[in-house]
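Q: If you scroll down you'll find the structure; I have some questions about it.
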Amino acid sequence: MNVVKNDLFDYGLKIYQNKDAFKFSLDSILLAEFVEKKKDIKTIVDFCTGNGAVPLILSTKFNCKIMGFEIQKNPYDLAYNSVAMNELEDKIKIIHDDLANALEYILPETIDVVTVNPPYFKYDPDSNINMEKEKAIARHEIETNLDNIFRSAKYILKNKGTLYMVHRPERLSEIINKMSEYKFAVKRLQFVYSDYNKSAIMVLIKATKNGLEGIKVNPPINVMKHKTYKNIFG
């Protein structure tokens, strides 16, 4: 791996990244910032954790146990070493495994919050994806998909526990329908723009396990108007 050590923006932390592979980006930062600050949050699990950006940022916001699942070995190594570099081993545990195996590490219905920045694109085995395997798995639903994510989240979350997801707006109707199948009620939506004259570039979703119906749509956010993303949602 062509590993470099970077600043984790305004969070006072460092992160290892592979210059030749999929690096964390704005969606991971906004996902971590979208998680509401609540005193009763004791446990957070991050699915598809990549090189650990979301757990690292969450560790600056919450004094709780954080766990990250990453199926690919190279991103896992980066996340594990970033946690050690920042001396956060007492707060963050990175697991190299499929999130579908979460119950091998976590008791059922014991987690307060699940976060996930998943692969955005459906995978067609007949299509020609012209990229290396690590990037393909990070971007396409090769190793996991919405069903796997919502099923695993349902197993480990407490009743009324919260799921936070970042995704592409064009898949929003599918996501809401799938969440409903797994007994998640969408509670809050945040559309993110780079230009208010263009379509949204991402959507952040808050859903509650076994929650009541009723969706709040936040005012739009234009990321180009902000010098920092720390506390961008207040």
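In terms of my numbering, the sequence shown opens at residue 2 and continues consecutively. All C-beta atoms in this analysis are idealised placements derived from N, C-alpha and C, irrespective of residue type, glycine included. Just so we're clear, the structure is a prediction, and the values are computed from it rather than from any experiment.
Tell me where the beta strand (DSSP E) around A186 begins and ends.
A: Locating residue 186 in the sequence shown gives position 185, counting from the first residue. Per DSSP, A186 belongs to the beta strand (DSSP E) from F185 to Y194.
Q: Once the 5 residues before and after Y183 are set aside, which same chain residues still bring their CB inside 7 Å of it?
A: By one-based count along the sequence shown, residue 183 stands at place 182. Within the same chain, Y183 has close Cβ partners F151, R152 and K155.
Q: Is the beta carbon of I157 less than 8 Å from the beta carbon of I176?
A: Numbered from its first residue, the sequence shown carries residue 157 at position 156. Numbered from its first residue, the sequence shown carries residue 176 at position 175. Contact flag unset, no.
Q: Given this structure, state the Cα-to-Cα distance separating S53 from N198, to the nearest angstrom.
A: Numbered from its first residue, the sequence shown carries residue 53 at position 52. Numbered from its first residue, the sequence shown carries residue 198 at position 197. Here residue 53 turns out to be Gly, not Ser, going by the sequence shown. Between G53 and N198, the C-alpha separation is close to 33 Å.
Q: Go to L158, then tell me how far its beta strand (DSSP E) extends in each direction, as first and last residue.
A: Within the sequence shown, numbered from 1, the residue matching residue 158 stands at position 157. Run containing L158: L158 to H168, per the beta strand (DSSP E) assignment.
Q: Which residue comes first and which comes last in the beta strand (DSSP E) that contains L205?
A: Counting from 1 along the sequence shown, the entry for residue 205 is found at position 204. That run of the beta strand (DSSP E) goes M203 to K210.
Q: Need the endpoints of the alpha helix (DSSP H) that M180 sits in, please.
A: Here residue 180 refers to the residue found at position 179 when the sequence shown is read from its first residue. It spans L173 to E182 - the alpha helix (DSSP H) in which M180 sits, taken as one unbroken run.
Q: For N149, which of G212, K94, K226 and P120 has the nearest alpha-carbon?
A: Counting from 1 along the sequence shown, the entry for residue 149 is found at position 148. Measuring from the Cα of N149, the nearest candidate turns out to be P120.
Q: How many Å lie between V187 and M2 at the Cα?
A: Within the sequence shown, numbered from 1, the residue matching residue 187 stands at position 186. Within the sequence shown, numbered from 1, the residue matching residue 2 stands at position 1. Going by the C-alpha atoms only, they are around 39 Å apart.
Q: Which residue marks the beginning of the beta strand (DSSP E) containing Y17, and which one marks its end?
A: Mapped onto the sequence shown, residue 17 falls at position 16. It spans K15 to N19 - the beta strand (DSSP E) in which Y17 sits, taken as one unbroken run.
Q: Do you know how far the Cα of I58 is from the Cα of P76?
A: For the purposes of this step, residue 76 is identified with residue 75 of the sequence shown, where counting begins at 1. For the purposes of this step, residue 58 is identified with residue 57 of the sequence shown, where counting begins at 1. The alpha-carbon atoms of P76 and I58 are separated by roughly 17 Å.
Q: Quick one, are the C-beta atoms of F70 and L100 less than 8 Å apart?
A: For the purposes of this step, residue 70 is identified with residue 69 of the sequence shown, where counting begins at 1. For the purposes of this step, residue 100 is identified with residue 99 of the sequence shown, where counting begins at 1. Yes, the Cβ-Cβ distance between F70 and L100 is below 8 Å.
Q: Beta-carbon separation of V114 and V36 under 8 Å?
A: Counting from one through the sequence shown, the residue named residue 114 turns up at place 113. Counting from one through the sequence shown, the residue named residue 36 turns up at place 35. In contact: V114 and V36 (Cβ atoms closer than 8 Å).
Q: What are the start and end residues of each continuous beta strand (DSSP E) run of 3 or more residues lying completely inside the segment 104-129, in chain order?
A: For the segment 104-129, whole beta strand (DSSP E) runs of length 3 or above, ordered along the chain, are 112-117.
Q: Would you grab the beta carbon distance between F192 and L164 for me? Rounded to a whole angstrom, and I think it's under 8 Å.
A: Residue mapping note: residue 192 aligns to position 191 of the sequence shown, counting from 1. Residue mapping note: residue 164 aligns to position 163 of the sequence shown, counting from 1. Actually they do not touch by this definition, with Cβ atoms about 18 Å apart.
Q: Considering only C-alpha positions, which residue in the set K94, N64 and K24 is nearest to V46?
A: Here residue 46 refers to the residue found at position 45 when the sequence shown is read from its first residue. Among K94, N64 and K24, the Cα nearest to that of V46 is on K94.
Q: Who are the near neighbours of Y230 in its chain, counting only those whose CB is closer than 8 Å to its CB and skipping five residues on each side?
A: Indexing the sequence shown from 1 puts residue 230 at position 229. So the list reads F10, D11, L27, I30, L31, E34 and V224, once near-sequence residues are dropped.
Q: For the beta strand (DSSP E) that T44 lies in, which residues bound it at each end?
A: Within the sequence shown, numbered from 1, the residue matching residue 44 stands at position 43. Element bounds for T44: T44 to F48.
Q: Specify, as a first and last residue, the run of the beta strand (DSSP E) that E34 falls within.
A: Locating residue 34 in the sequence shown gives position 33, counting from the first residue. Careful: E34 lies outside any beta strand (DSSP E), inside the alpha helix (DSSP H) at L27 to F35.
Q: Going by DSSP in three states, F70 sits in which element: helix, strand or coil?
A: Residue mapping note: residue 70 aligns to position 69 of the sequence shown, counting from 1. Three-state result, F70: strand.
Q: DSSP state of K226, grouped into three classes?
A: On the sequence shown, residue 226 is found 225 positions in, with the first residue counted as 1. Helix at K226.
Q: First and last residue of the beta strand (DSSP E) that includes I143?
A: The sequence position of residue 143 within the sequence shown is 142, counting from 1. Where I143 is concerned, there is no enclosing beta strand (DSSP E), given that its DSSP letter is neither H nor E.
Q: Would you mind reading off the limits of the beta strand (DSSP E) that contains K94?
A: The sequence position of residue 94 within the sequence shown is 93, counting from 1. Taken as a continuous stretch (DSSP letters only), the beta strand (DSSP E) holding K94 covers I93 to H97.
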